[in-house]
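Participant: 1 is the number of the first residue of the sequence shown in this note's numbering; add one for each residue after it.
All C-beta atoms in this analysis are idealised placements derived from N, C-alpha and C, irrespective of residue type, glycine included.
Quick one: this structure, given as structure tokens, is what I'll be asking you about.
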Amino acid sequence: MSVPGLEAGIHVFFGLLALLTTAALISILYTGSQDKRLIKILTIAVALFVWLSWFSVIHVYTVEYAADKAVIVKYEETELAHELGMETKEHIFYSGLFLATLLPILSYSIDLEKPWNRKLILWIAIAVLIGGVMIEMIGGWISIAAKQAWAMER
């Protein structure tokens, strides 16, 4: 028998790997490294981890979150976590998903020797990192709100 909710941890794990990889990519680009192969590998890794995070959470959001949502929106103290938090999280995540997907496409299709092209990848990576940190914070808020709402339910 599996532990309920454990599958949500896999989603967070891939999200954190995506953030760490994005931070490494930003560092490589910011320091001016000329290792184009490493830049390409890191962009692929960022996109892969973000997509794995998305695929690993499908079951959680489509099957399991309904019970948490029902109890979260039931209480005035916690309803904002779903009404604002989840909506914001979804918009940031889909934007980040598209931006993360764009990273390897750009790294393989533009000349990484040109400073402007490297800056383009750098700024997209920064946007992915900021969005990812925001998602983690909002996800924590939603998780805590669910725990509070379930406690009020008893």
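1. How should SER53 be labelled, buried or exposed, when 16 other C-beta atoms within 10 angstroms of its C-beta is the threshold for buried?
2. Per the contact definition of three or more C-beta pairs closer than 8 Å, is the region 119–139 in contact with the region 19–34?
3. Using C-beta distances below 6 Å, list every residue in its chain close to ALA67, excluding the 5 sequence neighbours before and after it, in chain order.
4. What separation, rounded to the nearest whole angstrom, lies between the Cα atoms of LEU19 and GLU77?
5. Is the separation between the beta-carbon of HIS91 and that of VAL60 shorter than 9 Å?
6. On the three-state DSSP scale, how would you describe GLU77?
7. Could you check if TRP116 is buried or exposed, using at least 16 other CB atoms within 10 Å of its CB as the buried criterion?
8. Taking PHE93 and ILE135 to be in contact with their CB atoms under 8 Å, please state how far apart those CB atoms are, rounded to whole angstroms.
9. Of the residues TRP51, THR62, TYR75 and LYS114, which one's Cα is nearest the Cα of SER33?
10. Taking 8 Å as the limit between beta carbons, can you name the residues of its chain near VAL73, skipping five residues before and five after?
11. ILE158 by DSSP, collapsed to three states: which one?
12. Judging by CA-CA distance, which residue of GLU64, LEU48, ILE138 and LYS119 is the nearest neighbour of THR31?
Facilitator: Result, derived from the coordinates:
1. If you number the sequence shown from 1, residue 53 lands on position 53. Taking all protein chains in view, the Cβ of SER53 is crowded by 16 or more other Cβ atoms within 10 Å, so the residue is classified as buried.
2. Touching, yes, given that three or more Cβ pairs across the two stretches are closer than 8 Å.
3. Looking up residue 67 in the sequence shown gives position 67. For ALA67, where only same-chain residues beyond five positions count, there are no Cβ hits under 6 Å.
4. Here residue 19 is taken as the residue at index 19 of the sequence shown, counted from 1. Here residue 77 is taken as the residue at index 77 of the sequence shown, counted from 1. Roughly 31 Å between the two C-alpha positions.
5. Translated into the one-based positions of the sequence shown, residue 91 becomes position 91. Translated into the one-based positions of the sequence shown, residue 60 becomes position 60. No. Outside cutoff.
6. In the sequence shown, counting from the first residue as 1, residue 77 sits at position 77. DSSP places GLU77 in coil when its eight states are reduced to three.
7. One-based indexing of the sequence shown puts residue 116 at position 116. TRP116 is exposed by the Cβ-count criterion.
8. Locating residue 93 in the sequence shown gives position 93, where the first residue counts as 1. Locating residue 135 in the sequence shown gives position 135, where the first residue counts as 1. Contact holds; Cβ gap of about 6 Å.
9. Along the sequence shown, one-based indexing puts residue 33 at 33. Nearest to SER33 by C-alpha distance, out of TRP51, THR62, TYR75 and LYS114, is LYS114.
10. Working through the sequence shown from its first residue, we reach residue 73 at position 73. For VAL73, where only same-chain residues beyond five positions count, the Cβ hits under 8 Å are GLU79, HIS82 and GLU83.
11. The structure shown has nothing for residue 158, since the chain only spans 1 to 154.
12. Start at 1 with the first residue of the sequence shown, and residue 31 comes out as number 31. When each option's Cα is compared against that of THR31, the closest is LYS119.
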